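One structure is given below, encoded as structure tokens.
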Amino acid sequence: MLPAAREKETHHHEVPDEWFKPKEKDEQQAESVVRPSLSYWQDAWRRLKKNKLAMSGFFFLVFLGIMAVFGPILSPHSVSEQVLSNQNQSPSVTHWFGTDDLGRDVFTRTWYGARISLFVGLMAAFIDFFIGVTYGGISGYKGGRTDNVMMRIIEILYGLPYLLVVILLLVVMGPSLLTIIIALTVTGWVGMARIVRGQVLQIKHNEFVLASQSFGAKTKRIIRKNLLPNTMGPIIVQMTLTVPTAIFAEAFLSFLGLGIQSPFASWGVMANDALGTILSGHWWRLFFPAFFISATMFAFNVLGDGLQDALDPKLRR
Amino acid sequence: MDKILDIKDLHVSFVTYGGEVQAVRGVNLELYKGETLAIVGESGCGKSVTANSIMKLIPSPPGKIKHGSIHFKGKDMTKLSNKEVRKIRGVDISMIFQDPMTALNPTLTIGDQLTEGIKQHRKISAKQANHHAIDMLKLVGIPNPDERMKQYPHQFSGGMRQRIVIAMALICEPELLIADEPTTALDVTIQAQILQLFQKIQRETGVSIILITHDLGIVAKVANRIAVMYAGKVIETGTRQEIFYHPNHPYTQGLLNSVPRLDQKGERLIPIDGTPPDLFAPPEGCPFTARCPKAMEVCSRIYPFQTELSQTHAVECWLQDERAKKYIASS
Amino acid sequence: MAKYIIKRFALMVITVLIIATLTFFLMNLLPGSPLNEERSTNEAVQQNLEAHFNLDEPLIVQYVLYLKSIATLDFGPSIKQPTETVNSLLSRGFPISAELGIWTILTAVISGIALGVFAALKHNGLIDYIAMTVAVLGISVPNFVLATLLIQELAVNRDFFPAATWSSPAHMVLPILALATGPMAIIARLTRSSMLETLTQDYIKTARAKGLSPVKVIIKHALRNALMPVVTILGTLMAGILTGTFVIEKIFAIPGMGKYFVDSINQRDYPVIMGTTVFYSAFLVFMLFLVDIAYGLLDPRIKLHDEGGG
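Residue numbers (the numbering used here), protein chains in the order written: chain A, 20 to 336; chain B, 61 to 391; chain C, 469 to 778.
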């Protein structure tokens, strides 16, 4: 009836007799089989490091940050220096990325452009973060009618076409670094507020918060140990995706003639100025700003994806 | 009695980032016509993986049957092509999953989901298939089956959904029904109803059932035979009476001590300390050693061989060795 | 369902109202706009402006009359071209833009879904890797750069397609390609992740356990559920495609609404900017409304949600 018993191997009978003495129960032993546990951030970092694409995005952005600060120093040419005899020079030993139609050095301007594009992107992300966390936090934390009213407002703002509102504001205010950042954030924070509210609501009633409260954990500890790791994940991911969206939007606005104007230029403005000249063969004028816009977008996107995978506790295996 | 399923030395592994998880490590099981076999164990002991392997439903990659055979009515499932296995799935062997809330597709009607299996496997008209599905709904006790065929899963309660899932599994009159934790997600009263339904179906159709559960209360009600699994191995098998009244493995004893029993009033419940071992690197000897109250030196070094206690009862434990019995008797 | 539609409709009306109000007050309150001071030198233009915006009335009356004109689909005059109105520009430009937009959406949705499903089924394989790299690249390159590159490579260097205007199917290939790449990439990524999640669901296991063929499991059980999130972002994608037409129509010299809009921004033709913005917003909000209804029809659970008072 039974599955055939395995043949009794001879060495079973060679086992020393004393091995059959009952063991003293070792309290530690049952515990020792548990795997060492990693903290949330350690675990997330370990997972992120394994994602080669995300890490290459991360290192590219670090490189970009360094070059935005120090890049212009590497070049002997200043950002607005115009040498009319040097118009539209292809890349050479003196002008590494060539020159534009006013004889300005594209290498120097590219890194100045990096400063402006990154500044716009980061500022947009941080302002979104502050408004979004405040608004979403209050809405989620207060709940009830406050939450209801606040969410209705968000629902309506969410329905407004983002870029059309931005265009409208810039047409009226006139394009400048400040107005572009304002226009990009006027409705941009809504997405962040929604995420924060959702997280706060979810966590407020979560069992583990109740559990740690009932264990007598201090509020600070609850926030640090439970609330923060669980809300920060989606917020960080959202921020990594806001930066490239803002840079992209700024490039789009440049196309409409609503970008940041001279003496400095964002990548978007540089690329746009170059659009007409590509047919005359001045490829470097479009290539460098367009390459850096695309590469930055790419880097932020793969880093954001990587962070999402690394930070989402639900997907943890 | 006819043997319809015979699993021999089954090894199943999952290859993950962290390495190879040996989820099932040499399982032997058999099943006879018309009986109910319960596979019992803690979560992660390999009972679901064993069940999924029978129909080759383990996700691959990362899962893989490394070794062993699964003979269903004489055919080795592990050697069949995917196409041949599909002809068996839903026809000869059916499966019911744990959560009835997610086991039904939310965007398709009940009728559609009930009939698609039989339409796939048999040459029958849509009308006949519908007729058949309505009969099945009646069998599992769904009122107004004609109307309910047109409804969507969200319009049913959890217990009703599990009845529908069962009807779906039975529609092609399979010989073997595998139920993976079929009542875990349900209320206690609904659980009892579903268990009664299983018994009724078995009486009426003669189907063999493999019931996977961690709940010994369910086992006591419906199982003819029980296999207790721990860390990817079957450590004790026997009839219901043998397992409940003469458990020989310390783990089985621990399991029974940790559930309330109506026949032994007033006894304290004793939980089993500790957690099961990591199957990334399973221990050399008996995997239960670290948690075993009767552990000996030999347990952590060599895996015990099988001892047959009766025609139907077998256990894998060093306590069966004469030398161990000698020491216990002397102390 | 009826309640759901009414709620969505009300939201739509409010959104359009807010846009209209925003444009009106921005144009009226800020210095330098033609509505709050008499700046135009052209007599006819000034008359048009005064007639449309009722500039001699008090502000609040102007506002009410302005809303009324929008409700009757009268979007106002142009100050740079006295013979034109927003309505005349719309009637000429919108059909062309709509044609470009519809082809773009079809291209993006079909190829994006195909790419995403394929990538999910070959999860972590070479095809998945290539498809997702292509998708991220598609998201990363601004469409004006892509359009310029396409013209340079496929129209100028190799004479495969005409470089500009909108007069034959061959003329449509490059603009549609340039405009569809971004949305396609977004759809592909979303489809892939949603498909991967769907494939782990129990009802997929149930379907496989019934002995259905893999193709049937994927098409009947997985795809429909996996595509729900794609339907929800269609509204946002349409907004993206619409703003994309500004760029693409300008670059390819397509005489659509987008080109007129960009021209009006460059010339600071304020009434046209206002009128077009309101029209575009109303159009988009209406599209979002349609998408919501479509979603409600596709997902049987929405109805129950509504009965529950949500």
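Even for Gly, the Cβ is constructed at its ideal location relative to N, Cα and C.
Given the structure is predicted, the values throughout are model-derived calculations rather than measurements.
Helix, strand or coil at residue i [DSSP, three-state]
| i | result |
| --- | --- |
| E10 (chain B) | Absent from the structure is residue 10 (chain B), since the part of chain B shown begins at 61 and ends at 391. |
| N235 (chain B) | It should be noted that the sequence gives Glu, not Asn, for residue 235 (chain B). Of the three classes helix, strand and coil, the one that applies to E235 (chain B) here is coil, per DSSP. |
| A638 (chain C) | helix |
| T113 (chain A) | coil |
| P41 (chain A) | strand |
| A478 (chain C) | helix |
| R285 (chain B) | strand |
| R65 (chain A) | helix |
| D381 (chain B) | coil |
| M356 (chain B) | strand |
| L680 (chain C) | coil |
| L97 (chain B) | strand |
| Q366 (chain B) | strand |
| I486 (chain C) | helix |
| K135 (chain B) | strand |
| Y212 (chain B) | coil |
| V200 (chain B) | coil |
| P342 (chain B) | coil |
| I332 (chain B) | coil |
| I295 (chain B) | strand |
| A163 (chain B) | helix |
| A374 (chain B) | strand |
| D124 (chain A) | strand |
| T118 (chain A) | strand |
| D58 (chain B) | Lying before the first or after the last residue shown, residue 58 (chain B) is absent from chain B, which here runs from 61 to 391. |
First and last residue of the uninterrupted beta strand (DSSP E) at residue i
| i | result |
| --- | --- |
| D66 (chain B) | 63 to 76 |
| L89 (chain B) | 79 to 92 |
| F132 (chain B) | 123 to 132 |
| Q272 (chain B) | Here the sequence assigns Ile to residue 272 (chain B), which means Gln is not the residue at that position. Note, I272 (chain B): beta strand (DSSP E), 268 to 273. |
CB contact flag (residue i, residue j, <7 Å)
| i | j | result |
| --- | --- | --- |
| V87 (chain B) | L65 (chain B) | no |
| G724 (chain C) | G561 (chain C) | yes |
| P160 (chain B) | G201 (chain B) | no |
| A290 (chain A) | L305 (chain A) | yes |
| R216 (chain A) | S158 (chain A) | yes |
| L535 (chain C) | N522 (chain C) | no |
| S108 (chain B) | A229 (chain B) | no |
| H309 (chain B) | V375 (chain B) | yes |
| F317 (chain A) | S661 (chain C) | no |
| A73 (chain A) | V321 (chain A) | yes |
| T633 (chain C) | A690 (chain C) | no |
| V554 (chain C) | G726 (chain C) | no |
| G252 (chain A) | A212 (chain A) | no |
| T674 (chain C) | I581 (chain C) | no |
| L339 (chain B) | Q82 (chain B) | yes |
| Y177 (chain A) | V209 (chain A) | yes |
| L203 (chain A) | A143 (chain A) | yes |
Endpoints, alpha helix (DSSP H) assigned at residue i
| i | result |
| --- | --- |
| S537 (chain C) | 527 to 539 |
| S154 (chain B) | Not the alpha helix (DSSP H): S154 (chain B) falls in the beta strand (DSSP E), residues 153 to 156. |
| G217 (chain A) | 209 to 223 |
| K147 (chain B) | 142 to 148 |
| E302 (chain B) | 300 to 305 |
Segments of 4+ residues assigned as alpha helix (DSSP H) that fall wholly inside the region 249 to 328 of chain A: 286 to 294
Check whether the region 275 to 295 of chain A touches the region 129 to 146 of chain A, taking contact to mean three or more Cβ pairs, one atom from each stretch, closer than 8 Å. By the criterion of at least three beta-carbon pairs nearer than 8 Å, the region 275 to 295 of chain A is in contact with the region 129 to 146 of chain A.
Indicate whether the contact test is met: 3 or more Cβ pairs, each with one atom in the region 634 to 647 of chain C and one in the region 579 to 593 of chain C, closer than 8 Å. no
Does the structure place the region 114 to 129 of chain B close enough to the region 90 to 99 of chain B that three or more beta carbon pairs sit under 8 Å? no
Evaluate the contact criterion for the region 60 to 72 of chain A versus the region 306 to 313 of chain A: three or more CB pairs, one atom per stretch, below 8 Å. They do not touch, by the three-pair rule.
Tell me, please, whether the region 750 to 761 of chain C touches the region 696 to 710 of chain C by the rule of three or more beta-carbon pairs shorter than 8 Å. yes
Below 8 Å, how does it come out for the region 190 to 197 of chain B and the region 273 to 283 of chain B: are there three or more Cβ pairs, yes or no? no
May I ask you to verify whether the region 299 to 315 of chain B touches the region 138 to 149 of chain B, counting CB pairs closer than 8 Å and requiring at least 3? no
Let me know the alpha helix (DSSP H) ranges lying completely inside the region 580 to 659 of chain C, each 4 residues or longer, listed in chain order. Correct list: 594 to 608, 611 to 618.
What are the uninterrupted segments assigned as alpha helix (DSSP H) that are 4 or more residues long and contained completely in the region 718 to 742 of chain C, given in chain order? 725 to 734
Taking contact to mean at least 3 C-beta pairs separated by less than 8 Å, is the region 376 to 386 of chain B in contact with the region 347 to 362 of chain B? yes
Assess contact between the region 288 to 298 of chain B and the region 232 to 244 of chain B, defined as three or more Cβ pairs (one per stretch) separated by less than 8 Å. Is contact present? no
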